[in-house]
Amino acid sequence: MKFIHMGDVHLGAEPESGTYLGPIRKKEIWEAFRDAIGICEKEDVDLLLIPGDLFHGQPLLREVKEVSYLFGSLSKTKVVLIAGNHDCLLDTSHYYDVVFPENVTFLMDAKEDSVYFPEWNTEVFGLSYEKKQISEPRYDRLQVSDENRINILLAHGNIMGGDKSIPIKKSAIEEAGFDYAALGHLHTRIEISDRISYSGGFEPFDKKEIGQKGYIAGEITKQGGVSEVRFRFVPHAKRQYVRLEVEVLPEATEFSVEEAAYHQMMECGLQHMYLLSFTGKRAKEMALRTDIIRETLLRRGCHVIETEDVTSPDFSVDDLLGEHGDDFIGKYIRTLSQEKDAKLAAKATEYGLQALLLKE
1 MKFIHMGDVH
11 LGAEPESGTY
21 LGPIRKKEIW
31 EAFRDAIGIC
41 EKEDVDLLLI
51 PGDLFHGQPL
61 LREVKEVSYL
71 FGSLSKTKVV
81 LIAGNHDCLL
91 DTSHYYDVVF
101 PENVTFLMDA
111 KEDSVYFPEW
121 NTEVFGLSYE
131 KKQISEPRYD
141 RLQVSDENRI
151 NILLAHGNIM
161 GGDKSIPIKK
171 SAIEEAGFDY
181 AALGHLHTRI
191 EISDRISYSG
201 GFEPFDKKEI
211 GQKGYIAGEI
221 TKQGGVSEVR
231 FRFVPHAKRQ
241 YVRLEVEVLP
251 EATEFSVEEA
261 AYHQMMECGL
271 QHMYLLSFTG
281 KRAKEMALRT
291 DIIRETLLRR
301 GCHVIETEDV
311 TSPDFSVDDL
321 LGEHGDDFIG
331 KYIRTLSQEK
341 DAKLAAKATE
351 YGLQALLLKE
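Numbering (our numbering), first residue to last: 1 to 360.
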């Protein structure tokens with residue numbers, strides 16, 4: 001039985017809201033989801049598993065209809081989904097207002113529910129959120145009904161604990177007899193075991209979510225009550241957040257630093273969203289104007305979300321003291337050397353000398 005595990009799609013979300021990328025990213029999440037449905041069709045996937053938060057919030061009626069249409073376009077794949085904390089089944093939810101195609105099973109019960117597919121001898125278990133916050137460990141009481149079947153759990157919650165979603169225990173899943181647990185809620189891809197996994201966020205929603213996003217593709221076979229599970233992560237997101245270090249050398253100019261950053265982003269892919277960190281030693285007379293560099297890179301088609309200057313000026317305090325003797329710079333250095341707080345003195349010396357040297 002072939003499956004795709006696609007968690008936390010968050011249709012309707014607008015990452016980078018308030019910037020030029022906001023509307024683009026909102027549309028791209030829909031496009032990525034539509035593309036993934038096409039992959040299910042092309043690769044003859046048996047089950048598409050969605051463990052909650054298909055939508056970022058309470059979906060509009062037209063949005064649920066669009067999803068229903070896409071699900072209905074699948075000629076072989078069966079879809080099983082649950083509602084998570086973001087798209088929980090409130091009384092006013094438009095999930096209730098749409099009749100999904102026959103190939104779709106929405107496990108809407110807030111208690112244990114399941115669906116059995118005899119063609120693959122597979123049973124999928126799950127439950128939906130009826131409210132945003134649930135602190136009780138509802139998955140602890142789940143138990144497979146037939147160990148000879150392929151048993152899959154759809155669960156939306158936090159195996160790490162610490163928030164107000166359903167807590168999940170690894171031991172409870174293992175003792176219940178599930179062959180695979182498709183987890184949702186955490187946006188970090190985590191392989192809890194060779195049978196329990198978070199697929200992570202489908203698309204990146206925040207600059208903290210560094211790296212590739214996508215879904216999990218897998219296959220399960222079972223004979224005589226013994227199952228074999230194989231799965232792999234498939235990168236699928238339209239873009240990713242990339243943290244990039246750009247080394248600055250003492251002989252560098254602002255133009256050369258910009259050019260170095262541009263070429264590094266070219267190599268990684270200009271479609272991505274970058275957090276640039278400038279490191280190394282810059283010329284003592286140079287102030288790195290990261291705001292100007294960012295604006296120029298934006299005009300060149302780079303998506304620079306954030307810049308950070310952690311360079312330090314290329315000078316020796318001892319050498320400067322020898323050069324400047326009794327002038328203002330020399331007196332400045334000697335005065336700060338008497339400061340009891342060594343860290344404070346070092347920083348003040350660096351920042352002050354940089355300002356003074358720029359005026360020379």
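Note that the Cβ used here is the ideal one computed from N, Cα and C, for glycine as well. Please read all numbers here as calculations on a predicted model, not as lab measurements.
Supposed contact pair residue j and residue i - C-beta distance, whole angstroms, cut 8 Å
i, j, result
"PHE125", "PRO101", "Their Cβ separation, rounded to whole angstroms, is 21 Å, which puts PHE125 and PRO101 out of contact at 8 Å."
"LYS170", "ILE192", "6 Å"
"LEU288", "THR311", "6 Å"
"HIS86", "HIS10", "7 Å"
"GLU203", "LYS238", "7 Å"
"GLY218", "VAL229", "7 Å"
"SER165", "HIS185", "5 Å"
"PHE315", "LYS284", "4 Å"
"HIS156", "GLY57", "Actually they are not in contact, since the Cβ atoms of HIS156 and GLY57 sit about 15 Å apart, beyond 8 Å."
"LEU366", "ALA176", "Absent from the model: residue 366. The displayed extent of the chain is 1 to 360, so no value can be given."
"GLY12", "GLU63", "6 Å"
"PHE278", "VAL257", "7 Å"
"LYS207", "LEU249", "Their Cβ separation, rounded to whole angstroms, is 27 Å, which puts LYS207 and LEU249 out of contact at 8 Å."
"TRP173", "MET1", "According to the sequence provided, residue 173 is Ile. The question's Trp does not apply to it. Not quite, the Cβ-Cβ distance comes to about 19 Å (not below 8 Å), so this is no contact."
"TYR139", "ILE168", "6 Å"
Residues that DSSP places opposite residue i in a beta bridge
i, result
"ILE4", "LEU48, ALA217"
"MET273", "TYR241, HIS303"
"ILE82", "PRO51"
"LYS42", "The partner list for LYS42 (beta bridge, DSSP) is empty, contrary to what the question assumes."
"ASP309", "PHE278"
"ARG230", "GLU219"
"TYR69", "None, per the DSSP bridge assignment."
"ASP113", "GLY126"
"PRO235", "GLY214"
"VAL248", "GLY280"
"PHE106", "LEU81"
"LEU11", "PHE55"
Buried or exposed by the 16-neighbour rule on C-beta atoms within 10 Å, applied to residue i
i, result
"GLN240", "buried"
"ILE292", "exposed"
"PHE328", "exposed"
"MET6", "buried"
"GLU251", "exposed"
"LEU297", "buried"
"VAL99", "exposed"
"MET266", "exposed"
"HIS263", "exposed"
"CYS88", "buried"
"LYS340", "exposed"
"LEU183", "buried"
"ARG195", "buried"
"PHE255", "exposed"
"GLY162", "exposed"
"GLU41", "exposed"
"ASP44", "exposed"
"ASP326", "exposed"
"GLU119", "exposed"
"SER337", "exposed"
"THR290", "buried"
"SER197", "buried"
"ARG334", "exposed"
"GLU16", "buried"
"ASP8", "buried"
"LYS78", "buried"
"PRO313", "buried"
"GLU135", "As written in the sequence, residue 135 is Ser, which differs from the Glu given in the question. The residue is exposed, with fewer than 16 neighbouring Cβ atoms inside 10 Å."
"GLY201", "buried"
"CYS268", "exposed"
"LEU81", "buried"
Give the list of continuous alpha helix (DSSP H) stretches no shorter than 4 residues that lie fully inside the segment 134-215.
170-176
Indicate whether the contact test is met: 3 or more Cβ pairs, each with one atom in the segment 142-152 and one in the segment 218-228, closer than 8 Å.
These segments touch.
Give a yes or no on contact between the segment 244-253 and the segment 49-62, applying the rule of three or more CB pairs nearer than 8 Å.
no
Would you call the segment 60-77 in contact with the segment 32-39, where contact means no fewer than 3 C-beta pairs closer than 8 Å?
Taking a cut-off of 8 Å on C-beta distances, the segment 60-77 touches the segment 32-39, as three or more cross pairs fall below it.
Is the segment 104-114 touching the segment 123-141 in the sense that three or more CB pairs, one from each, lie closer than 8 Å?
yes
Are the segment 299-313 and the segment 264-275 touching, with three or more C-beta to C-beta distances below 8 Å?
When C-beta atoms of the segment 299-313 are compared with those of the segment 264-275, three or more pairs fall below 8 Å, so the two segments count as touching.
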